[in-house]
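Residue numbers (this note's numbering): 1123 to 1432.
Glycine included, each C-beta is placed from N, C-alpha and C at the ideal position.
In this text, all values refer to a predicted model and were calculated from it rather than measured experimentally.
Below: one structure, written as structure tokens.
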């Protein structure tokens, strides 16, 4: 497993859990408890929080976006399930978030104003972070609190996560969680440090604003998939193969026969998460040295989780 990762030049933190026990926990650069920007991997936490609201009777998967934001184009046709499964037909061709950041409310208004709806794509997969920006704001609506406060209470505090924070945390917190900046390999073979664009990251909210280490990520996966946070029927409704119409994506995960997959890449970071359906076998790798081999790494991770489960 180490060889497979080093063969493609991976440098970063690796955690492998097999049959519920730590199998590998090492770092070839940074440390095992280094925190990285997890980018789109955060979507599985937002997706689970939405399903929790459904479980509590605060929301239905069949509710339309019009119930919350009637002025979004196509809002009366797009359901919560469409948003969860990236089949809404909604897109935005601008960077998310106002410059400078003012508030989540202003960012929502900006997103609504710039959203486009393609009815031909309704019910078909078209990956857009915008879907999860709307879901994050719907959570704020339902619970009458900010997305940040909700996730802090439901996950960070509840699970006592020691190396997790939102990207806009103060320097003292960033130091405490062992956060590292991302680096992108340039054409001249040198790594260039990437400064976080906090305006855009605020705009992504529940779709790419969390900093986490591998262990904290694994705790969230176990919490969500082992009937501690969601009920068995909620897990089935969100990630069950039978509930996927024209899509292989739901609730922040790509759904495969024997495993769930989530990938994040931006700002000089790559995060790859693979878990068996029961969260007994998990692979998480994170790096802050993005070298343009995202798809190669993604493929290796799929091979590794399949091999681990044999």
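Residue 1233 sits in a helix when the DSSP states are folded into three classes.
Residue environment: residue 1217 is assigned as exposed (fewer than 16 neighbouring CB atoms within 10 Å of its CB, all protein chains considered).
Residue 1147 and residue 1262 have their C-alpha atoms roughly 36 Å apart.
The bridge partners DSSP lists for residue 1306 are 1314 and 1412.
Assignment of residue 1126 by DSSP, reduced to helix, strand and coil, places it in the helix class. With respect to the C-alpha of residue 1251, the residue from 1140, 1200 and 1162 having the closest C-alpha is 1162. Of the candidates 1140, 1126, 1128 and 1125, 1140 places its Cα closest to the Cα of residue 1405. Here residue 1169 is not near residue 1362, since their CB atoms are 8 Å or more apart. Taken through DSSP and simplified to helix, strand or coil, residue 1186 comes out as strand. Taking a contact to require three or more Cβ pairs closer than 8 Å, the segment 1304-1311 and the segment 1407-1415 qualify as touching. Excluding five sequence positions before and after residue 1320, the CB atoms of its chain that fall closer than 7 Å to its own CB belong to 1223, 1289 and 1290, given in chain order.
The alpha carbon of residue 1423 has as its nearest neighbour, out of 1275, 1219, 1382 and 1388, the alpha carbon of 1382. For residue 1140, the enclosing beta strand (DSSP E) covers residues 1135-1140. Shown here, residue 1253 sits in a helix according to DSSP, grouped into three states. In this structure, the CA atom of residue 1192 is about 15 Å from the CA atom of residue 1253. In this model, residue 1257 and residue 1356 are separated by some 17 Å (Cα to Cα).
Cβ-Cβ distances below 8 Å link residue 1341 to 1281 and 1283 in the same chain, with the five nearest sequence neighbours on each side left out; the list follows chain order. In the DSSP secondary-structure assignment, residue 1388 is bridged to 1391.
Annotation: the continuous alpha helix (DSSP H) that includes residue 1168 extends over 1165-1177.
Three or more pairs of CB atoms, one per stretch, sit closer than 8 Å, so the segment 1129-1144 contacts the segment 1320-1340. Assignment of beta strand (DSSP E) within the segment 1311-1350, counting only whole runs of 3 or more residues, yields 1313-1316 and 1332-1334 in chain order. About 7 Å separates the beta carbon of residue 1244 from that of residue 1209, a gap short enough to meet the 8 Å contact definition. Here residue 1359 carries a helix assignment [DSSP, helix/strand/coil]. Within the model, the alpha-carbon separation for residue 1265 versus residue 1227 is close to 15 Å. In the structure shown, residue 1432 adopts coil according to DSSP, grouped into three states.
Between residue 1211 and residue 1241, the C-beta gap is smaller than 8 Å, which places the two residues in contact. Distance from the Cα of residue 1419 is smallest, within the candidate group 1400, 1387 and 1432, for 1387. A Cβ-Cβ separation of about 6 Å places residue 1164 in contact with residue 1330 under the 8 Å criterion.
Membership of residue 1202 in the alpha helix (DSSP H) is indicated by the continuous run 1202-1206. Rounded to whole angstroms, the separation of the alpha carbons of residue 1391 and residue 1316 is 9 Å. Note that the C-beta distance between residue 1202 and residue 1181 is below 8 Å. Taking C-beta separations shorter than 6 Å and ignoring five residues to either side along the sequence, the partners of residue 1395 in its chain run 1163, 1384 and 1406, following chain order.
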